[in-house]
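There are 2 protein chains.
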Amino acid sequence: MNIFDRLIARVIETRNPTAVGLDPRPEYIPDFITKNASQHFSDPFQAISHAVFLFNKSLIDALYDIVPAVKPQVAFYELYGAHGYDCYLKTVRYAKGKGLFVIADAKRNDIASSAQAYADAHIGRVALNGQARALFDADFVTLNPYLGRDSVEPFLEAAREYDKGVFVLVKTSNTGSGDIQDIDTPDGKIYEIVAEKVKAWGGEPGKYGYNRAGAVVGATHPAQAEALRARMPNTFFLVPGYGAQGGTAAGARKSFHKNGLGAIVNNSRGIIAAHTKPGCPHTGEGFALAAREAAIKMREDLGFNYEDCQ
Amino acid sequence: MNIFDRLIARVIETRNPTAVGLDPRPEYIPDFITKNASQHFSDPFQAISHAVFLFNKSLIDALYDIVPAVKPQVAFYELYGAHGYDCYLKTVRYAKGKGLFVIADAKRNDIASSAQAYADAHIGRVALNGQARALFDADFVTLNPYLGRDSVEPFLEAAREYDKGVFVLVKTSNTGSGDIQDIDTPDGKIYEIVAEKVKAWGGEPGKYGYNRAGAVVGATHPAQAEALRARMPNTFFLVPGYGAQGGTAAGARKSFHKNGLGAIVNNSRGIIAAHTKPGCPHTGEGFALAAREAAIKMREDLGFNYEDCQ
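Going line by line, the protein sequences match chains H and Z. As numbered in our numbering, residues 1 to 310 make up the first sequence, in order. As numbered in our numbering, residues 311 to 620 make up the second sequence, in order.
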């Protein structure tokens, strides 16, 4: 059993291979929350961070029984400095306390002891006064491969030691992803070479057949996803780009095996900002209900039922 | 005039193209500082963050008149969560207050609005309640190019708007840098293709001939650095890997033009941990003097005098 086995068990229980992206842009947060926070804190960075946590908490409360995972985008917490990281830590803890898996979308990368520091902070332990202390303690973290194997190794080591996982960027969902990732070489495109490296980095597969090194494969590239799915049978995929970025359920399904396993599809704006859509009946304090309804709709759109897996 | 012109003016004034890496690993911090911090703060993350700031402050006081820049490695602040980021912010402000340029070694990368959030936090402005507020406000930030042009653009835009600069990873100093960066393609190696993109991304050169998109080129790869120097005449290089990682002054000099301009060489451990070297006379409270002497020695080792530039 590894962490992907536990995640998959929860995907089957909820019949929902979805991660909700907690990318709390200020314009997604209902006014009553930000106003309330501003009344309590005069420092604007502290006020917005408090508002973000209240927003996340309500979303988590409304979603934890129907989705298996959340994916906080770390940039939207770093944006508020120390207060933002305090909010990030509280968000991770609250989500885990509700039984959600947490994917830290940090896209971290560095060399040697710097990579080690990021690994310690996000999925490992921080050594202080001779004691190893968990800091953020997410379940998964996203990584950038440009610096090579030795930059990824500290994360893999932490993953093995603390039963965590990583998702390495292979083919990202953005329009510029081709600039480097699609460059042709005699051995295939760069993202295909990265895919081969990720396969080699992952180690032993768990009960459901997935090793600890997952891959990020955008829903906006269905043909590439289908080929990568065949090429990397033991690699679990994190699939961004569904919804607002233009990825469809049909495109996202290319990242799954025939049994409906092997991937989790992220949706951020489509769920957490559902209440801002024109015509949405759940505005103001009902915003989390809009998120829940959007998550249920996405589950239906993806259309997996896992009857054979129960 | 752009920020590289101002940095170069200071390099010439100090006769020193060096950045001191503020990578405050706990083992580099003298006991008297950590013990003092532990007495003031019971939270170990807060205590170590306070110790790191005191350590950095003494180093900055001992170095600001002889080096033009510091390069905090963000990983070593993120390692301590919210307290670490508070320390990071105070370090950046203190260094800038002393006239030092600050290179945020963050290696950030993400897409669309997430890249924008990182750019806003590190070199731009954060919009809060209709006001644009500076957060970390470093002078430069390091970036990873794997996600392509659109992931770098928000940083370039912030650089143009607030007179900042970026350093894009081209050829890194670590042993695994070749895994992706050295892959051969019909158009050259990947890092050479990235080099061409960085050239195109940089925009107009300033007074000394450098545009806003710099490149990270490791001192551990002198042959590649020499070729990149010729290929990218208008790109300013940040050169890590000197000293502890095995890069020499001769290797680092390959990243400079004949006039001694065009690059800045980082040294972290060799300067900030100089007091821990066996036989160093400046231990305990004299640790910052050891750093100053190491910085002077490095300046002599690099051997630029800029007589023609005065």
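C-beta: ideal position from N, C-alpha, C; glycine also.
- Secondary structure of H/P72 (DSSP, three-state): strand.
- With its beta carbon less than 7 Å from one in chain Z, H/F76 belongs to the interface.
- Beta bridge pairing from DSSP links Z/D415 with Z/Q383.
- Contact annotation: in the region 13-39 of chain H, residues whose CB is within less than 9 Å of a CB in chain Z are D23, R25, P26, T34, S38.
- Within the region 201-266 of chain H, the complete alpha helix (DSSP H) segments of 4 residues or longer fall at 222-231, 249-253, listed in chain order.
- The Cβ atoms of Z/V462 and Z/A525 lie no closer than 7 Å to each other.
- Considering only Z/N346, Z/P464, Z/Y374, Z/I376, the residue with the shortest C-alpha distance to Z/V362 is Z/N346.
- Residue contact with chain Z for H/K107: present (Cβ-Cβ distance below 7 Å to some residue of chain Z).
- Residue pairing for H/K189: DSSP places it in a beta bridge opposite H/D184.
- Short of 8 Å from the beta carbon of Z/H350, and not among the five residues preceding or following it, lie these beta carbons of its own chain, in chain order: A357, H360.
- Straight through space, the alpha carbons of Z/S487 and Z/G570 are spaced by roughly 26 Å.
- Taking 7 Å as the CB threshold, Z/T401 stays off the interface with chain H.
- Residues of chain Z with a Cβ closer than 8 Å to the Cβ of H/T220 do not exist; the shortest Cβ-Cβ separation is about 11 Å.
- Using a Cβ distance threshold of 7 Å, Z/T530 and Z/S483 count as a contacting pair.
- H/R149 and Z/D489 have their C-alpha atoms spaced approximately 7 Å apart.
- Excluding residues up to 5 positions away in sequence, A47 lie with their Cβ nearer than 7 Å to the Cβ of H/S38 in the same chain.
- Residues of chain H with a Cβ closer than 7 Å to the Cβ of Z/D430 are, in chain order, L79.
- According to DSSP, residue pairing for H/A274 in a beta bridge does not occur.
- According to the DSSP assignment, Z/R443 belongs to the beta strand (DSSP E) that extends over 441-443.
- Looking at the DSSP output, Z/L438 shares a beta bridge with Z/Q441.
- Look at H/K90 here: in three-state DSSP terms it is helix.
- Bounds of any beta strand (DSSP E) do not take in Z/K408, whose DSSP letter is neither H nor E.
- With fewer than 16 other Cβ atoms inside 10 Å of its own Cβ, H/M1 counts as exposed.
- By DSSP's assignment, Z/A329 forms a beta bridge with Z/A379, Z/N576.
- Using a Cβ-Cβ cut-off of 7 Å, Z/A392 counts as an interface residue toward chain H, since at least one Cβ of chain H sits closer than that to its own.
- Around the beta carbon of H/R229, 16 or more other beta carbons sit within 10 angstroms, so the residue counts as buried.
- With fewer than 16 neighbouring CB atoms inside 10 Å of its own CB, H/G246 falls in the exposed class.
- Burial is judged here by how many other beta carbons sit within 10 angstroms of a residue's own beta carbon; Z/S352 has fewer than 16 and is exposed.
- H/Y210 and H/D105 have their C-alpha atoms roughly 20 Å apart.
- Ranked by Cα distance from Z/K474, the options Z/T485, Z/T452, Z/T495, Z/D494 are led by Z/T452.
- For Z/F465, the enclosing alpha helix (DSSP H) covers residues 459-472.
- Z/Q356 is outside the set of residues whose beta carbon lies under 7 Å from a beta carbon in chain H.
- Contact between H/F136 and H/V92 holds: CB atoms are separated by about 6 Å, below the 8 Å threshold.
- It is roughly 6 Å from the alpha-carbon of Z/H432 to the alpha-carbon of Z/A448.
- Looking at H/P281, H/Y191, H/A223, H/F236, the one whose alpha-carbon comes closest to that of H/P205 is H/F236.
- Look at the region 356-382 of chain Z: the residues with a C-beta under 9 Å from a C-beta of chain H are A357, I358.
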